[in-house]
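Colleague: Residue numbering for the sequence shown follows UniProt numbering, starting at 1 and increasing by one per position.
Glycine included, each C-beta is placed from N, C-alpha and C at the ideal position.
Please find one structure pasted underneath; my questions will follow.
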Amino acid sequence: DGCGHTVLGPESGTLASINYPQTSPNSTVCEWEIRVKPGQRVQLKFGDFDIDNSDSCHSSYLRVHNGIGPTRTEIGKYCGFGFQMDGLIISKSNEVTVQFMSGIHTSGRGFLAAYSTTDKSDLITCLDNASHFTEPEFNKYCPAGCVIPFADISGTIPHGYRDSSSLCMAGVHAGVVSNTLGGQINVVISKGITHYEGSLANNVTSKVGPLSTSLFTFKTSGCYGTLGMESGVIPDSQVTASSVLERSNDTGQVNIWKPENARLKRVSPPWAASISDEHQWLQIDLNKEKRITGIVTTGSTLAEHDYYVSAYRILYSDDAQKWTVYREPGMEKDKIFQGNTESYKEVRNNFIPPIIARFIRINPLKWHQKIAMKVELLGCQFSIGRAPKITMRPPPPQNKNDDFGEDFVHSVKTSLQTDKTTFTPEIKNTTVTPSVTKDVALAAVLVPVLVMVFTTLILILVCAWHWRNRKKKMEGTYDLPYWDRAGWWKGMKQFLPTKSAEHEETPVRYSSSEISHLRSREVPTMLQTESAEYAQPLVGGIVGTLHQRSTFKPEEGKEASYADLDPYNSPIQEVYHAYAEPLPITGPEYATPIIMDMSSHPSTPLGVPSISTFKAAGNQAPALVGTYSKLLSRTDSTSSARVLYDTPKGQPGPGATEELVYQVPQSVAHSTGSKDE
């Protein structure tokens, strides 16, 4: 009568004294016999130990023995308040006996211990939480039986659990370990959050929790995705049921609660059976074998219809003909899953180990008012070996019972008949990530190589396209070759405006067409005399720069006038050289007249003549150095002007007293003289 919470699994388990963690009653005794597989040994670890030692372990104590029965030998006898037992108690065989004796005492919680086989070196107890460990990530082994009523957890997946939560109990809630089997957990510690949600999963209720400094989550195989009920990947034709409820509403309209409506989070009536008994089922065809790791259910989700299923079992098949009832490894009874406690909240249950099948049937065993539910399956694609099956005959009908207790579990157990129960199926626990096959390794090498090859080809094509476009652009129809661009620029400079004469003295050049358009009212009469030929210097600028000095050759027979001042409309075709060249001997040439109308200049007094150069008619030579020729210019009624020879660049103007030097034609002998007309 001194036994408390006890779960004895095939490889691990949990045991506690009666009334733990409260004070154990007086004069009680309990004895546990633990057996593991032959060839293995048992290790025992205490999570809490608080036994009265007032009589030196005489009437209240805990004793551990090697073996079972009369031949057992004592390993140790323990007592004490707040006794801290470092390390593990290890047996010499695969059998251990644990005996608890409680005498007359006034205090003492008793004890809680966990056991496992000795190959589980990282064994912890159900009382350990994340705050007991300092590593940011660690692996531990949880024993079976950690769903205990005196431990609390806060949080849920995927957000995480509060650091004060029991690690192993949270692992059961998250679906990474089984309460009846135990298992390995991989824990990751991270920064806490301000609020932790609560939920019901795997018969464990998580409570709402406040802010904490840290939280923990679990690393898993990742096979927990939805399989298509909510999203519609599973079509309506693949969702069937044993019966369908048809009901008329207040307006007389008939509502059919069809099986295809049994999709989680859909705003519609759920599937409901027309008859509420234990022979009803909802069947889902996944189209091919899948790895199914869990199921999420709700009730009707309609406020006016408080229908839900509170307990059910799972059957699976490959052909929808032979069905297997889901059981946990090592268990001789079917797994009964806790369903909903209300019609609208989601409840999750995980399959450890997973189910490998194409067809899934949900067989309700307990319900509230009517059988009605919405469902989503969790899992992933099937890639490794599948578990053996046990073929079951349909269970006989049973009486409804709204209370889910031991009598109900017993009735379910006796109602299920198996064809073969001589062995327990060995199903691999897939909570550990399976090893990578050779094909996967080969693909991991080939995929990056192919990506690099295709990337290189694309870069080569892009570069070739760029080079081709650039070449076409550089050698276009109207473009010049590279070696001709400097000469082209020099030829085009004559069309560009230059700086004003105030800043830089730039010569002006006129074409024959420009001279033909000169307005006669702005040009004084030019007396022609025959003289030597002058060379043409390279000039540029604009027509309006009349204060510059230059030479030109006007076309013969045309009147000189300034009619067109636009240099861009002049049909200039000749190519000017960078330096002045001698004029050819054939044909007469003329000096460039520089027209300076000093009468219009504000700073020049009246009567100051204009200065110009010209070639006189005939064969007379130009004047000698230092001599000015007197020219008679055309005058109007208001002014008169006098024309002189042009002053070479760099020499003083006409007003200077120094002698002026003029260019001598290259083909005519030097001569002197002047002629007045």
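1. Under 8 Å, with one C-beta from each stretch per pair, do the segment 138 to 151 and the segment 71 to 89 reach the 3-pair mark?
2. I'd like the span of the alpha helix (DSSP H) that includes V267, first residue to last.
3. What whole-angstrom Cβ distance do E246 and V296 have, given they're in contact under 8 Å?
4. Using a beta-carbon distance below 8 Å, is V98 in contact with chain D?
5. What are the start and end residues of each continuous beta strand (DSSP E) run of 3 or more residues lying completely inside the UniProt domain "CUB" (3 to 118), in chain order?
6. Nearest CA to the CA of I18: which residue from V96, A241, L123 and D1?
7. When burial is assigned at 16 or more other CB atoms within 10 Å of the CB, is G4 buried or exposed?
8. I'd like to know if the segment 321 to 331 and the segment 282 to 294 are in contact, where contact means that at least 3 CB-CB pairs between them fall below 8 Å.
9. For G379, name the three-state secondary structure that DSSP assigns.
10. Rounded to a whole number of angstroms, what is the C-alpha to C-alpha distance between M373 and T14?
11. Inspect the beta-carbon positions of K290 and F351 and report whether they are closer than 8 Å.
12. How would you label G9, buried or exposed, when you count the other beta carbons within 10 angstroms and need 16 or more for buried?
13. Following the continuous alpha helix (DSSP H) through A174, name the residue where it begins and the one where it ends.
14. Tell me whether the segment 39 to 58 and the segment 93 to 102 touch, counting them as touching only if at least three CB pairs, one residue from each stretch, are closer than 8 Å.
15. Compare the beta carbon distance of S310 and K370 with 8 Å and say whether it is the shorter of the two.
16. Spatial neighbours of V7 within its chain, please: C-beta separation below 6 Å, excluding the five flanking residues on both sides.
17. Report the rounded CA-to-CA distance for I458 versus N469, giving the unit in angstroms.
18. Taking a contact to mean a Cβ-Cβ separation below 8 Å, would you say A241 touches P259 in this structure?
19. Which residues in the same chain as G232 place their Cβ atom closer than 8 Å to its Cβ, once the five residues preceding and following it in sequence are excluded?
20. Express the C-alpha separation of K140 and S56 in angstroms, rounding to a whole number.
21. Could you give the distance in angstroms between the alpha-carbon of F218 and the alpha-carbon of T134?
22. Classify A387: buried if its beta carbon has 16 or more other beta carbons within 10 angstroms, exposed otherwise.
23. Using only alpha-carbon positions, find the residue among Y161, A114, H368 and N363 that is nearest to F46.
24. Within the continuous beta strand (DSSP E) that includes L127, where are the two ends?
25. Can you tell me the Cα-Cα spacing of Y161 and S248, whole angstroms?
26. What is the DSSP secondary structure of R468, counted as helix, strand or coil?
27. Confirm, please, whether the CB-CB distance from R348 to G294 is below 8 Å.
28. If you check the beta carbons only, do V177 and V147 fall under 8 Å apart?
29. Using DSSP with H/G/I as helix, E/B as strand and the rest coil, what is H132?
30. Can the beta-carbon of S102 be found closer than 8 Å to that of S60?
31. Give me the residue from L181, K345 and I68 with the minimum Cα distance to S300.
32. With 16 other CB atoms within 10 Å as the buried threshold, where does I256 fall?
33. State buried or exposed for V445, treating a residue as buried only when at least 16 other CB atoms are found within 10 Å of its CB.
34. For D128, count neighbouring C-beta atoms within 10 Å of its own C-beta (all shown protein chains included) and say buried if the count is 16 or more, exposed if not.
35. Does the distance from the CB of L167 to the CB of V187 come in under 8 Å?
36. Please report how far the alpha carbon of Q338 lies from the alpha carbon of E328, in whole angstroms.
Modeller: Taking the coordinates as given:
1. These segments do not touch.
2. Within the sequence shown, numbered from 1, the residue matching residue 267 stands at position 267. Taken as a continuous stretch (DSSP letters only), V267 belongs to no alpha helix (DSSP H), as it is neither H nor E.
3. Here residue 246 corresponds to residue number 246 of the sequence shown, with the count starting at 1. Here residue 296 corresponds to residue number 296 of the sequence shown, with the count starting at 1. Not a contact, Cβ separation roughly 27 Å.
4. In the structure shown, chain D cannot be found, because there is only a single protein chain.
5. Entirely contained in the UniProt domain "CUB" (3 to 118), the beta strand (DSSP E) runs reaching 3 residues are, in chain order, 3 to 8, 12 to 17, 28 to 35, 42 to 50, 61 to 66, 73 to 78, 95 to 102 and 110 to 117.
6. By 1-based counting over the sequence shown, the position of residue 18 is 18. Among V96, A241, L123 and D1, the Cα nearest to that of I18 belongs to D1.
7. Reading the sequence shown from its first residue, position 4 is the one you call residue 4. Buried.
8. Short answer: they don't touch.
9. Translated into the one-based positions of the sequence shown, residue 379 becomes position 379. For G379, the three-state secondary structure derived from DSSP is strand.
10. Residue mapping note: residue 373 aligns to position 373 of the sequence shown, counting from 1. Residue mapping note: residue 14 aligns to position 14 of the sequence shown, counting from 1. Roughly 35 Å separates the two Cα atoms.
11. Locating residue 290 in the sequence shown gives position 290, counting from the first residue. Locating residue 351 in the sequence shown gives position 351, counting from the first residue. No, the Cβ-Cβ distance between K290 and F351 is not below 8 Å.
12. Position 9 of the sequence shown, counting from 1, holds the residue named residue 9. The Cβ neighbour count for G9, taken over all protein chains shown within 10 Å, is at least 16; the residue is labelled buried.
13. The residue given as residue 174 occupies position 174 in the sequence shown. That run of the alpha helix (DSSP H) goes L167 to A174.
14. Yes, since at least three Cβ pairs between the segment 39 to 58 and the segment 93 to 102 fall closer than 8 Å, the two stretches touch.
15. Along the sequence shown, read from residue 1 onward, the residue named residue 310 stands at position 310. Along the sequence shown, read from residue 1 onward, the residue named residue 370 stands at position 370. The Cβ atoms of S310 and K370 do not sit closer than 8 Å to each other.
16. To locate residue 7, count along the sequence shown from 1; it is residue 7. Once the five neighbours on either side are set aside, the close Cβ partners of V7 are G13, T14, A144 and G145.
17. Start at 1 with the first residue of the sequence shown, and residue 458 comes out as number 458. Start at 1 with the first residue of the sequence shown, and residue 469 comes out as number 469. A straight line joining the alpha-carbon of I458 with that of N469 spans about 17 Å.
18. Position 241 of the sequence shown, counting from 1, holds the residue named residue 241. Position 259 of the sequence shown, counting from 1, holds the residue named residue 259. Going by beta carbons, A241 and P259 fall inside the 8 Å limit.
19. Within the sequence shown, numbered from 1, the residue matching residue 232 stands at position 232. Only R263 meet the Cβ criterion.
20. Locating residue 56 in the sequence shown gives position 56, where the first residue counts as 1. Locating residue 140 in the sequence shown gives position 140, where the first residue counts as 1. Cα atoms of S56 and K140: separation of roughly 35 Å, rounded to the nearest angstrom.
21. Here residue 218 refers to the residue found at position 218 of the sequence shown. Here residue 134 refers to the residue found at position 134 of the sequence shown. Each residue's alpha carbon lies about 16 Å from the other.
22. As a first step, residue 387 is located in the sequence shown; it is residue number 387 there, counting from the start. Confidence in A387 is poor, its pLDDT being 46 and thus under 50, which makes the residue's placement unreliable; the coordinate value appears in the next sentence. Residue environment analysis places A387 among the buried positions, since at least 16 neighbouring C-beta atoms fall within 10 angstroms of its C-beta.
23. Start at 1 with the first residue of the sequence shown, and residue 46 comes out as number 46. Of the listed residues, the one whose Cα sits closest to F46 is A114.
24. Position 127 of the sequence shown holds residue 127. In the DSSP assignment, L127 falls outside any beta strand (DSSP E), carrying neither H nor E.
25. As a first step, residue 161 is located in the sequence shown; it is residue number 161 there, counting from the start. As a first step, residue 248 is located in the sequence shown; it is residue number 248 there, counting from the start. Rounded to whole angstroms, Y161 to S248 spans 46 Å at the Cα level.
26. Mapped onto the sequence shown, residue 468 falls at position 468. In this structure, R468 counts as helix in the three-state DSSP scheme.
27. On the sequence shown, residue 294 is found 294 positions in, with the first residue counted as 1. On the sequence shown, residue 348 is found 348 positions in, with the first residue counted as 1. Yes, they are a contact pair.
28. For the purposes of this step, residue 177 is taken as residue 177 along the sequence shown, with counting starting at 1. For the purposes of this step, residue 147 is taken as residue 147 along the sequence shown, with counting starting at 1. No, these two residues do not count as a Cβ contact at 8 Å.
29. As a first step, residue 132 must be located in the sequence shown, where it is residue number 132. DSSP places H132 in helix when its eight states are reduced to three.
30. For this step, residue 102 is matched to residue 102 along the sequence shown. For this step, residue 60 is matched to residue 60 along the sequence shown. A contact, by the Cβ cut-off of 8 Å.
31. Start at 1 with the first residue of the sequence shown, and residue 300 comes out as number 300. Proximity to S300 across L181, K345 and I68 peaks at K345, based on C-alpha coordinates.
32. Locating residue 256 in the sequence shown gives position 256, where the first residue counts as 1. Looking at its Cβ environment, which holds fewer than 16 other Cβ atoms inside 10 Å, I256 is exposed.
33. Taking the first residue of the sequence shown as 1, we reach residue 445 at position 445. With fewer than 16 Cβ atoms within 10 Å of its Cβ, V445 is classed as exposed.
34. As a working note, residue 128 is residue 128 in the sequence shown. Counting C-beta atoms within 10 angstroms of its own C-beta, D128 has 16 or more neighbours from the protein chains shown and is therefore classed as buried.
35. In the sequence shown, residue 167 corresponds to position 167, counting from 1. In the sequence shown, residue 187 corresponds to position 187, counting from 1. Contact: yes.
36. Here residue 338 corresponds to residue number 338 of the sequence shown, with the count starting at 1. Here residue 328 corresponds to residue number 328 of the sequence shown, with the count starting at 1. One Cα belongs to Q338, the other to E328, and the distance between them is close to 15 Å.
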